[in-house]
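*Asks:* First the structure, then my questions, so here it is.
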Ligand code: NAP
């Protein structure tokens, strides 16, 4: 097969990839956007499990570059469900006529930097090859599923599913004995949705969660009018907040100067909003000060306890050993109520881990749980997983996967030293890895990358690479901010603790979305200082 020459390859046709394709194509570059999936939507294509929905308010989870695009779309609910979100991305692809430059069912296998020509030699699993000057990963930070294979899985005669590879045609779970392993944001959505339909539901829980009540409701014409009126300010203001949402946190120090009653009042007001505001919209000390975090943790525990009838079950469902917000906070509607149902059973697999599959189910602590279907809601190899699973080789044949196996490094989460012209949207060590309303951060990163590429071209240059010094400087700053929080003390995907052997580093920059944007803007305004352009 002959090599296809293009200016840029965008890998991933989700939120970031579609926008990146649009921006570069608009600038006159030849671009191909590939995706392994048979459809666009990225995470919203793959994660079509029962109950999948946003936990960012729908109107804040969209593109901001076109007021027409914004005004011509109406969200039906405050927190939209997966099918509607996928429809939104198709609407955008149709409006912008993106389809001719999207290659679906195309999984990239390798990308090797060609020093002499300053291009990436890219190969797909089916043997297609490209030369692209710029390689932009838009594969998402949560796209490489983590499926722990318990021993003896082949012997299981039932069905095994992972939430991130849910069958597109759906699956009828009614009348079935179903097991769910994992109670993160995904497991919670699945459990509360399928509990009324299945015959028996066994929830295999290792670490309980501080889930927050979601206040979801249909949106009315009045709501649509309100959100349309917000467009001119919100498209800028979202980028200046701590979490990329429409709310912000006060300065550090404000919480310490308040009385406990005043802080609890703020928590209560935010709780009533029924959103992630109670996590990233109260005050920053919740994530940094042990006493203030303990107060918030107790506040949330007190909200959860009355929802659960059986005190012994409540004891297991309410976290005691880590602080509120240091593990990604999930939203829920009927999650805790599900455990009041007779057909729902909580199995604590912390003290007694799952041992193995049997032909008829799972074995825990010497007891067999008979199942027709086992659902892994076991998360992802976050941040680094998707790129590491490709064979990416930079200067001198250095492997990105091997580098990240030793040490998770990046510059602003946008480039990695030793990998010229490779740009990463939602790469590790940026807010977009976890601490952000995703559409806000992804668009900001795509805009920065587009500006970098156009700057290079305007200078008649062909490559850009983060310098070793800039990378060191960013990692030092990132780690200092991480160490000043309580996040490093909790085991979760945030720190890579969910993947055996993964180096421990906070995957997401937590200095705030607004702060991060200002840092990126400074670099850009100074002709991409710290990045070698040649
Ligand atoms: P996750 O937060 O990593 O949760 C995985 C769950 O599987 C945890 O409960 C984990 O227990 C459990 N687990 C993993 N291996 C296990 C094993 N061998 N035995 C028993 N339990 C095991 O993954 P997730 O729920 O898919 O969520 C990942 C992220 O996706 C979220 O944090 C969020 O950022 C995003 N998400 C967003 C939405 C939304 O916006 N609407 C919805 C879903 C997900 P431990 O905690 O003990 O490791």
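In my numbering, the protein residues as written are 10 to 543. C-beta: ideal position from N, C-alpha, C; glycine also.
#1: Does any heavy atom of the ligand NAP sit closer than 7 Å to the C-beta of residue 191?
#2: List the endpoints of the continuous alpha helix (DSSP H) containing residue 354.
#3: Our contact map puts residue 379 next to residue 334 with C-beta atoms below 8 Å; I'd like the distance itself, whole angstroms only.
#4: Just how far apart, CA to CA, sit residue 339 and residue 114?
#5: Helix, strand or coil: which one does DSSP assign to residue 393?
#6: So, residue 296 versus residue 515, is the Cβ gap smaller than 8 Å?
#7: Quick one, which of 104, 351, 29 and 68 has its alpha-carbon nearest residue 227's?
#8: Enumerated in chain order, which unbroken segments of the alpha helix (DSSP H) with a length of 4 residues or greater are wholly contained in the region 220-300?
#9: Which value, in whole angstroms, describes the spacing of the CA atoms of residue 442 and residue 170?
#10: Does the ligand NAP have a heavy atom nearer than 7 Å to the CB of residue 358?
#11: Leaving out the 5 sequence neighbours to the left and right, which residues in its chain are closer than 7 Å to residue 199 when beta-carbon positions are compared?
#12: Quick one: give me the first and last residue of the beta strand (DSSP E) that residue 378 is part of.
#13: Provide the residue span of the beta strand (DSSP E) that contains residue 139, from first to last.
#14: Count the other CB atoms within 10 Å of the CB of residue 504; is the residue buried (16 or more) or exposed (fewer)?
#15: Please check the pair residue 459 and residue 158, which I expect to be a contact at CB under 8 Å, by giving their CB distance rounded to whole angstroms.
#16: Just how far apart, CA to CA, sit residue 474 and residue 150?
#17: Going by beta-carbon coordinates alone, are residue 254 and residue 289 separated by less than 8 Å?
#18: How about residue 92: is its Cβ closer than 7 Å to a heavy atom in the ligand NAP?
#19: Got a sec, what are the start and stop residues for the beta strand (DSSP E) residue 211 sits in?
#20: With DSSP as the reference, label residue 39 as helix, strand or coil.
#21: Alpha carbon to alpha carbon, how far is residue 416 from residue 271?
#22: Distance, Cα to Cα, residue 39 vs residue 328?
#23: Verify whether the separation of the beta carbon atoms of residue 217 and residue 326 is less than 8 Å.
#24: Find out if the Cβ-Cβ distance for the pair residue 147, residue 26 is shorter than 8 Å.
#25: Please work out which residues of its chain come closer than 6 Å, Cβ to Cβ, to residue 369, disregarding the five sequence neighbours upstream and downstream, and give them in chain order.
#26: Straight-line CA distance for residue 204 to residue 153?
#27: With hydrogens ignored, establish whether the beta-carbon of residue 254 is closer than 7 Å to any heavy atom of the ligand NAP.
#28: Measure the Cβ-Cβ separation of residue 479 and residue 433 and say whether it is below 8 Å.
#29: Taking buried to mean at least 16 other C-beta atoms within 10 Å of its own C-beta, is residue 240 buried or exposed?
#30: May I ask whether a heavy atom of the ligand NAP can be found less than 7 Å away from the beta carbon of residue 59?
#31: Output the distance between the C-alpha atoms of residue 94 and residue 537, rounded to the nearest integer angstrom.
#32: Tell me which residue opens and which closes the alpha helix (DSSP H) that residue 197 is part of.
#33: Buried or exposed for residue 160, going by 16 or more other Cβ atoms inside 10 Å?
#34: Starting from residue 150, trace the alpha helix (DSSP H) both ways and give me its first and last residue.
#35: For the ligand NAP, any of its heavy atoms closer than 7 Å to the Cβ of residue 349?
#36: Apart from the five residues on each side of it in sequence, which residues of its chain come closer than 7 Å, Cβ to Cβ, to residue 248?
*Replies:* Taking the structure as given:
#1: Position 182 of the chain shown, counted from the start, is the residue given in the question as residue 191. Yes - the ligand NAP has a heavy atom lying nearer than 7 Å to the Cβ of residue 191.
#2: Locating residue 354 in the chain shown gives position 345, counting from the first residue. Residue range 353-357 is occupied by the beta strand (DSSP E) that includes residue 354, with no alpha helix (DSSP H) assigned at that position.
#3: On the chain shown, residue 379 is found 370 positions in, with the first residue counted as 1. On the chain shown, residue 334 is found 325 positions in, with the first residue counted as 1. Actually they are not in contact, since the Cβ atoms of residue 379 and residue 334 sit about 37 Å apart, beyond 8 Å.
#4: Position 330 of the chain shown, counted from the first residue, corresponds to residue 339. Position 105 of the chain shown, counted from the first residue, corresponds to residue 114. Their backbone Cα atoms lie some 32 Å apart in a straight line.
#5: Residue mapping note: residue 393 aligns to position 384 of the chain shown, counting from 1. Three-state result, residue 393: coil.
#6: For this step, residue 296 is matched to residue 287 along the chain shown. For this step, residue 515 is matched to residue 506 along the chain shown. No, the Cβ-Cβ distance between residue 296 and residue 515 is not below 8 Å.
#7: Stepping through the chain shown from its first residue, residue 227 is reached at position 218. Per the Cα distances, 68.
#8: 230-246, 269-282 and 286-289
#9: Taking the chain shown and counting its residues from 1, one reaches residue 442 at position 433. Taking the chain shown and counting its residues from 1, one reaches residue 170 at position 161. So the two alpha carbons sit approximately 25 Å from each other.
#10: Taking the chain shown and counting its residues from 1, one reaches residue 358 at position 349. Yes, since a heavy atom of the ligand NAP falls inside the 7 Å radius drawn around the Cβ of residue 358.
#11: For the purposes of this step, residue 199 is taken as residue 190 along the chain shown, with counting starting at 1. Here the set comprises 58, 59, 60, 172, 189, 384 and 386.
#12: The residue given as residue 378 occupies position 369 in the chain shown. That run of the beta strand (DSSP E) goes 376-379.
#13: By one-based count along the chain shown, residue 139 stands at place 130. Run containing residue 139: 138-146, per the beta strand (DSSP E) assignment.
#14: Here residue 504 is taken as the residue at index 495 of the chain shown, counted from 1. Buried, by the Cβ-count rule.
#15: Counting from 1 along the chain shown, the entry for residue 459 is found at position 450. Counting from 1 along the chain shown, the entry for residue 158 is found at position 149. Taking a contact as a CB-CB distance under 8 Å, the pair residue 459 and residue 158 does not count as one, their CB atoms being some 41 Å apart.
#16: Counting from 1 along the chain shown, the entry for residue 474 is found at position 465. Counting from 1 along the chain shown, the entry for residue 150 is found at position 141. Each residue's alpha carbon lies about 22 Å from the other.
#17: Taking the chain shown and counting its residues from 1, one reaches residue 254 at position 245. Taking the chain shown and counting its residues from 1, one reaches residue 289 at position 280. The answer is yes: Cβ separation under 8 Å.
#18: What you label residue 92 is simply residue 83 of the chain shown in a count that begins at 1. Every heavy atom of the ligand NAP is 7 Å or more from the Cβ of residue 92, so no.
#19: Taking the chain shown and counting its residues from 1, the one referred to as residue 211 is at position 202. Unbroken beta strand (DSSP E) run through residue 211: 209-214.
#20: On the chain shown, position 30 is the one that residue 39 refers to. Residue state, collapsed to three classes: coil.
#21: Within the chain shown, numbered from 1, the residue matching residue 416 stands at position 407. Within the chain shown, numbered from 1, the residue matching residue 271 stands at position 262. For residue 416 and residue 271, the distance between alpha carbons rounds to 43 Å.
#22: Mapped onto the chain shown, residue 39 falls at position 30. Mapped onto the chain shown, residue 328 falls at position 319. Answer to the nearest angstrom: the Cα atoms are 51 Å apart.
#23: Sequence index remark: in the chain shown, residue 217 carries index 208 (1-based). Sequence index remark: in the chain shown, residue 326 carries index 317 (1-based). Yes; because the gap between Cβ atoms is below 8 Å, this pair is in contact.
#24: On the chain shown, residue 147 is found 138 positions in, with the first residue counted as 1. On the chain shown, residue 26 is found 17 positions in, with the first residue counted as 1. For residue 147 and residue 26, yes; Cβs fall inside 8 Å.
#25: Stepping through the chain shown from its first residue, residue 369 is reached at position 360. These residues qualify, in order along the chain: 379.
#26: Counting from 1 along the chain shown, the entry for residue 204 is found at position 195. Counting from 1 along the chain shown, the entry for residue 153 is found at position 144. The straight-line gap from Cα to Cα measures roughly 27 Å.
#27: The residue labelled residue 254 in the question sits at position 245 within the chain shown. Flag unset: Cβ of residue 254 not near the ligand NAP.
#28: Translated into the one-based positions of the chain shown, residue 479 becomes position 470. Translated into the one-based positions of the chain shown, residue 433 becomes position 424. Contact flag unset, no.
#29: One-based indexing of the chain shown puts residue 240 at position 231. It is exposed - the Cβ of residue 240 has fewer than 16 other Cβ atoms within 10 Å.
#30: Translated into the one-based positions of the chain shown, residue 59 becomes position 50. No, Cβ of residue 59 sits at least 7 Å from all heavy atoms of the ligand NAP.
#31: Stepping through the chain shown from its first residue, residue 94 is reached at position 85. Stepping through the chain shown from its first residue, residue 537 is reached at position 528. In a straight line, the C-alpha of residue 94 is about 35 Å away from that of residue 537.
#32: Counting from 1 along the chain shown, the entry for residue 197 is found at position 188. Start and end: 194-203.
#33: Taking the chain shown and counting its residues from 1, one reaches residue 160 at position 151. Exposed: under 16 other Cβ atoms inside 10 Å.
#34: Along the chain shown, one-based indexing puts residue 150 at 141. Residue 150 -> no alpha helix (DSSP H), and no H or E assigned at all.
#35: Position 340 of the chain shown, counted from the start, is the residue given in the question as residue 349. Checking the Cβ of residue 349 against the ligand NAP gives no.
#36: The count along the chain shown starts at 1 and reaches residue 248 at position 239. Here the set comprises 449, 453, 522, 523 and 526.
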